[in-house]
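Numbering (the working numbering), first residue to last: 42 to 292.
Just so you know, even glycine gets a beta-carbon here, dropped at the ideal spot from N, CA and C.
Fair warning: this is a prediction, and the values are worked out from it, not measured in the lab.
Here is the structure we will look at, set down as structure tokens.
Okay, here's the thing in structure tokens:
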């Protein structure tokens, strides 16, 4: 926690779970092509792989192209045949999917280590179209880093010896579902810490400790993109897209 930064229980919980309040329905307004087309910088290794990090201000997700997944990784993706992109979120197993929240549910998710779920969405279009009202950062990582990231995402599903996890409940929109997850949700292990861990394992310069809010995470990515971090920056290209104020994805 940064000095002088006061975080209430309600705000900490909102980092992940508040997005399940009818939020997280996709915004379908596409950005102009000039805003969404990636610019290939000189000297970028063609073997690098593009990933995306989305934030709606409270919650963050990791988005990858389905075609880039290593063979056998994330078998649950078969539940969304034809989806060109997959978006991964993580949060409290009770609060995150619940359409109606109550105080007991809120306090339990905020104060106690609780079981978690993965929210997997098979995006029917490009992330910049689906998340047009939210911040989306495009990153390029090495093939080795991508393998580490997908291994992390794959290991986040609790399969209990089965070949694939079965969805436990429908997702927050028509092209998503919740699956049992590894790990426990609590104040100091939020969806944003989960995202940060995956990015760190990919080799990106992300600090996991103290990354609880979406802004904690996205600020690090912006700072890295702008070259203000010490050491080697392995982010080759990123763009911040902040279309119209979030409606469908806001908490």
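### Task
For residue 265, count neighbouring C-beta atoms within 10 Å of its own C-beta (all shown protein chains included) and say buried if the count is 16 or more, exposed if not.
Counting Cβ neighbours within 10 Å, residue 265 comes out buried, since at least 16 surround it.
### Query
Helix, strand or coil: how does DSSP classify residue 174 here?
Residue 174: coil per DSSP, three-state reduction.
### Task
Kindly indicate the opening and closing residues of the beta strand (DSSP E) around residue 219.
Segment 217 to 226, the beta strand (DSSP E) holding residue 219.
#### Entry: Where the beta strand (DSSP E) through residue 102 begins and ends
It spans 101 to 106 - the beta strand (DSSP E) in which residue 102 sits, taken as one unbroken run.
### Task
Give me the Cα-Cα distance between residue 205 and residue 120, rounded to the nearest whole angstrom.
Going from the Cα of residue 205 to the Cα of residue 120 covers about 10 Å.
### Message
Can you look up residue 131 in the DSSP assignment and give me helix, strand or coil?
### Response
For residue 131, the three-state secondary structure derived from DSSP is strand.
### Query
Across which residues does DSSP place residue 160 in a beta bridge pair?
Partner(s): 130, 219.
#### Entry: Sequence-distant residues of its chain with Cβ nearer than 8 Å to residue 94 (five each side left out)
Within the same chain, residue 94 has close Cβ partners 101, 102, 103, 104, 177, 178, 180, 236, 240, 258, 259, 262.
### Query
Do the stretch 152 to 170 and the stretch 109 to 129 touch if we need at least three Cβ pairs shorter than 8 Å?
In short, these stretches touch, since the Cβ pair count reaches three.
### Query
Ordered along the chain, which non-local residues of its own chain (more than five positions away) have a Cβ less than 6 Å from that of residue 238?
Result list for residue 238: 249, in chain order.
#### Entry: Selection from 138, 175, 203 that minimises the alpha carbon distance to residue 158
Residue 138 is the option with its Cα nearest to residue 158.
### Task
Give the DSSP-derived three-state secondary structure of residue 187 in the structure shown.
Collapsing the DSSP output to three states places residue 187 in a helix.
### Query
What is the DSSP secondary structure of residue 79, reduced to helix, strand or coil?
Reliability fails at residue 79, whose pLDDT of 35 lies under 50, so the model's placement of it is uncertain and no value is given.
#### Entry: Span of the beta strand (DSSP E), counted from its first residue to its last, around residue 91
It spans 90 to 96 - the beta strand (DSSP E) in which residue 91 sits, taken as one unbroken run.
### Task
Can you give me the Cβ contacts of residue 269 inside the same chain, cut-off strictly under 8 Å, excluding the 5 residues immediately before and after it?
Reliability of the predicted coordinates at residue 269 is poor, the pLDDT of 42 falling under 50, and no value is obtained from them.
### Query
Who are residue 181's beta bridge partners in DSSP?
91.
### Task
Select from 96, 194, 173 the residue whose C-alpha is nearest the C-alpha of residue 118.
Nearest to residue 118 by C-alpha distance, out of 96, 194, 173, is 194.
### Query
Quick one, are the C-beta atoms of residue 223 and residue 198 less than 9 Å apart?
At a Cβ-Cβ threshold of 9 Å, residue 223 and residue 198 count as neighbours.
### Query
Quick one: is residue 153 buried, meaning 16 or more other Cβ sit within 10 Å of its Cβ, or exposed?
With fewer than 16 other Cβ atoms inside 10 Å of its own Cβ, residue 153 counts as exposed.
### Query
Using the C-alpha atoms, what's the distance from residue 128 back to residue 233?
When rounded, the distance between both Cα atoms is 14 Å.
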